[in-house]
Amino acid sequence: MNDIKPIEWIENHHARTIEQSEAVEDVFPDGIFEQTRRFHRQIPGHQMSPLKSLPHLAAMFGLGNIWVKDESVRLNLSSFKVLGGSFAIYRFIKAKLGLVGDISFSELMSPEIQAKIKDIIFTTATDGNHGRGVAWSASKLGCKSIIYVHKDTSQARIKAIENNGAEVRVVNGNYDDAVRQANVDAQKNGWQVISDTSWEGYTDIPKWVMQGYTSMLSETQEQLVAQGFIKPTHVFVQAGVGALAASTIGFYHKLFGKEQPISVVVEPSEAACLFKSAKIGDGQPHNVTGDLNTIMAGLACGDPSPIAWKILWDCADVFVSCPDYVAAKGMRVYAVPRQGDPFIVSGESGAATLGALFFIMEYEGAAPLKELLKLGPDSEVLLINSEGNTDPEHFRRIVWDGMDAVPAGYRWIVP
Ligand SMILES: Cc1ncc(COP(=O)(O)O)c(C=O)c1O
Numbered sequence: 002m003n004d005i006k007p008i009e010w011i012e013n014h015h016a017r018t019i020e021q022s023e024a025v026e027d028v029f030p031d032g033i034f035e036q037t038r039r040f041h042r043q044i045p046g047h048q049m050s051p052l053k054s055l056p057h058l059a060a061m062f063g064l065g066n067i068w069v070k071d072e073s074v075r076l077n078l079s080s081f082k083v084l085g086g087s088f089a090i091y092r093f094i095k096a097k098l099g100l101v102g103d104i105s106f107s108e109l110m111s112p113e114i115q116a117k118i119k120d121i122i123f124t125t126a127t128d129g130n131h132g133r134g135v136a137w138s139a140s141k142l143g144c145k146s147i148i149y150v151h152k153d154t155s156q157a158r159i160k161a162i163e164n165n166g167a168e169v170r171v172v173n174g175n176y177d178d179a180v181r182q183a184n185v186d187a188q189k190n191g192w193q194v195i196s197d198t199s200w201e202g203y204t205d206i207p208k209w210v211m212q213g214y215t216s217m218l219s220e221t222q223e224q225l226v227a228q229g230f231i232k233p234t235h236v237f238v239q240a241g242v243g244a245l246a247a248s249t250i251g252f253y254h255k256l257f258g259k260e261q262p263i264s265v266v267v268e269p270s271e272a273a274c275l276f277k278s279a280k281i282g283d284g285q286p287h288n289v290t291g292d293l294n295t296i297m298a299g300l301a302c303g304d305p306s307p308i309a310w311k312i313l314w315d316c317a318d319v320f321v322s323c324p325d326y327v328a329a330k331g332m333r334v335y336a337v338p339r340q341g342d343p344f345i346v347s348g349e350s351g352a353a354t355l356g357a358l359f360f361i362m363e364y365e366g367a368a369p370l371k372e373l374l375k376l377g378p379d380s381e382v383l384l385i386n387s388e389g390n391t392d393p394e395h396f397r398r399i400v401w402d403g404m405d406a407v408p409a410g411y412r413w414i415v416p
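Under my numbering, think of the first position of the sequence shown as 2, with each following residue one higher.
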């Protein structure tokens, strides 16, 4: 038996004690889901991303179904991230110019508004995808952007940001160092930070980013209801700073209160700051430091976003951490599906949740977690494929060459 644990988990006992989370109400006031949806719908080229299902894999696991919200095709940017950056920039411009009500994309392009916004320089730190979304949104509105990445960011990710009109600056440190540097330079130069993570005194913009993500969840609900389902029974969501996870779980809490789906937050073992915060269990966010060395580039964050953490503390049922080979397995399972299931392109961060679900369902050592989560034939499990092939060279190493293979020696329930 292999002694490396592919899954570690912490149950958050605080979560189910909360009827209606104030943290959720603070980030998601009434009417916000409709507002973000209206905004994204009128962006030129916008389409709903598909909700796919993997019935044959679900049958193999003994689950009702596995639903995958496939963000690999969002606005041709290969991830959900642009939903947050675009909505935050929109809200920032509205606030700056004192505009009220819905403003359309074409109104933002009017000469009168353009004259007022053309000199704004937007900046942010990124693991890749958020910066790409901010760069895309800024360039669509005729503005400049300067994007900060950390030293281990791949050339492919840097190129993808530059291709959207941004200047990219590389910081000699990890993701959290890039966040700090972007902030210092912005203050010095009068640039506007559009960060997906929050800190003391900087919460409006990260809230708008999180609100932006909910368009994806409103779409999911519309797609599920059209197929006769009221909601998923389970939601698995991957986390870096926790904004995506808090948006997803907060969205379902706002809609269904204590009847929300059972929720699981998945992080890489090397950057499991939310898992660590849940383990300490004092209700406060705690960071992890070091190189944050993981193939799950989008999840390589050591500092939780405080506003996201508050929601997760109130509403997330279980925190899971897993090594890189779990995500790599998820990528291969998506890429080589069971007969009859659709093929899905999923990058390292995108596939972490399917990898985790795989180990929970089939690895003997995770049986108590499977039981805790009540996963079985009535389960309708929602996963978010949060990115597609965002780093092609690395994608091939994993999917074609078998990099980050599962170590031999596991006892599988279903051989
Ligand atoms: C593809 C992908 N998935 C998930 C995440 C995690 O989002 P968050 O940092 O809000 O937890 C990111 C963050 O960059 C990402 O790029």
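Just so it is clear, CB atoms sit at the ideal spot from N, CA and C, and this is done for glycine as well.
Asked                                                                                                                                                                      : Found
I'd like to check one pair, glutamine 285 with leucine 52: are the Cβ atoms closer than 8 Å?                                                                               : no
Any heavy atom of ligand 1 closer than 7 Å to the CB of aspartate 405?                                                                                                     : no
Please go through the region 148-199 and give each complete beta strand (DSSP E) segment of 3 or more residues, from N-terminal end onward.                                : 168-172
Whole beta strand (DSSP E) runs in the region 114-146 with 3 or more residues, listed along the chain?                                                                     : 122-127
Excluding five sequence neighbours on each side, which residues of the same chain lie with their C-beta closer than 8 Å to the C-beta of alanine 406?                      : Tyr326, Ala329
Would you call lysine 119 buried or exposed, if buried means 16 or more other Cβ atoms sit within 10 Å of its Cβ?                                                          : exposed
Look at the alpha carbon of isoleucine 414 and the alpha carbon of glutamate 363, and state the distance between them as a whole number of angstroms.                      : 5 Å
Just verifying my parser: in three-state terms, what is the DSSP assignment at proline 45?                                                                                 : coil
Quick check on histidine 235: does DSSP put it in helix, strand or coil?                                                                                                   : strand
Compare the C-alpha of alanine 116 against each of Phe93, Leu218, Gly143, Gln340 and name the closest.                                                                     : Gly143
Can you determine whether any heavy atom of ligand 1 sits closer than 7 Å to the C-beta of lysine 311, and answer yes or no?                                               : no
Report the three-state DSSP secondary structure of tyrosine 411 (helix, strand or coil).                                                                                   : coil
Beta-carbon within less than 7 Å of valine 169's beta-carbon, same chain only, minus the 5 sequence neighbours each way: which residues are those?                         : Ile148, Val150, Ile159, Ile162, Glu163
For glutamate 271, is the classification buried or exposed, using 16 other Cβ atoms within 10 angstroms of its Cβ as the cut-off for buried?                               : buried
Give the DSSP bridge partners of lysine 53, in chain order.                                                                                                                : Val69
If you draw a straight line from the C-alpha of arginine 412 to the C-alpha of methionine 211, how long is it?                                                             : 39 Å
Check this for me: beta carbons of leucine 355 and glycine 331, under 8 Å apart or not?                                                                                    : yes
By a C-beta neighbour count over all protein chains shown, 10 Å radius and 16 as the cutoff for buried, is phenylalanine 393 buried or exposed?                            : The sequence as given places proline at residue 393; phenylalanine does not occur at that position. Looking at its Cβ environment, which holds fewer than 16 other Cβ atoms inside 10 Å, proline 393 is exposed.
Can you look up proline 269 in the DSSP assignment and give me helix, strand or coil?                                                                                      : strand
What did DSSP end up calling methionine 404 once you bin it into helix, strand or coil?                                                                                    : coil
Counting beta carbon pairs with one atom in the region 198-217 and one in the region 333-340, are three or more of them shorter than 8 Å?                                  : no
Helix or strand or just coil, what does DSSP make of valine 319?                                                                                                           : strand
CB-CB under 8 Å to alanine 157, same chain, minus the five flanking residues each way: which ones, in chain order?                                                         : Thr391, Asp392, Pro393, Glu394, His395
Between the region 71-83 and the region 8-18, can you find at least three pairs of beta-carbon atoms closer than 8 Å?                                                      : no
Is valine 242 near ligand 1, with its Cβ less than 7 Å from a heavy atom?                                                                                                  : yes
Tell me the DSSP bridge mates of leucine 383?                                                                                                                              : Trp68, Val236
Would you mind stating whether serine 380 and histidine 254 have Cβ atoms separated by less than 8 Å?                                                                      : no
Roughly how far, in whole angstroms, is the beta-carbon of serine 347 from the beta-carbon of asparagine 294, given that I think they are within contact range, below 8 Å? : So it is not a contact: roughly 21 Å between Cβ atoms.
Any idea which residues DSSP pairs tryptophan 10 with across the strands?                                                                                                  : Val321
Check whether the Cβ atoms of serine 350 and glycine 403 lie closer than 8 Å to each other.                                                                                : no
Please list, in chain order, all residues of the same chain as lysine 277 whose beta carbon is under 7 Å from its beta carbon, the five residues on each side excluded.    : His287, Val289
Proline 416 to glycine 166, Cα distance in whole Å?                                                                                                                        : For proline 416, the predicted model reports a pLDDT of 48, less than 50, meaning its position is unreliable; a value from the coordinates is still stated below. Answer to the nearest angstrom: the Cα atoms are 49 Å apart.
In chain order, what residues of the same chain lie with their CB nearer than 6 Å to the CB of isoleucine 19, ignoring the 5 residues before and after it?                 : Asp315
Count the other CB atoms within 10 Å of the CB of isoleucine 281; is the residue buried (16 or more) or exposed (fewer)?                                                   : exposed
With a CB to CB cut of under 6 Å and the five nearest residues on each side skipped, what residues in its chain are close to serine 54?                                    : Asn66, Trp68
In or out: glutamate 23 buried (at least 16 other Cβ within 10 Å) or exposed?                                                                                              : exposed
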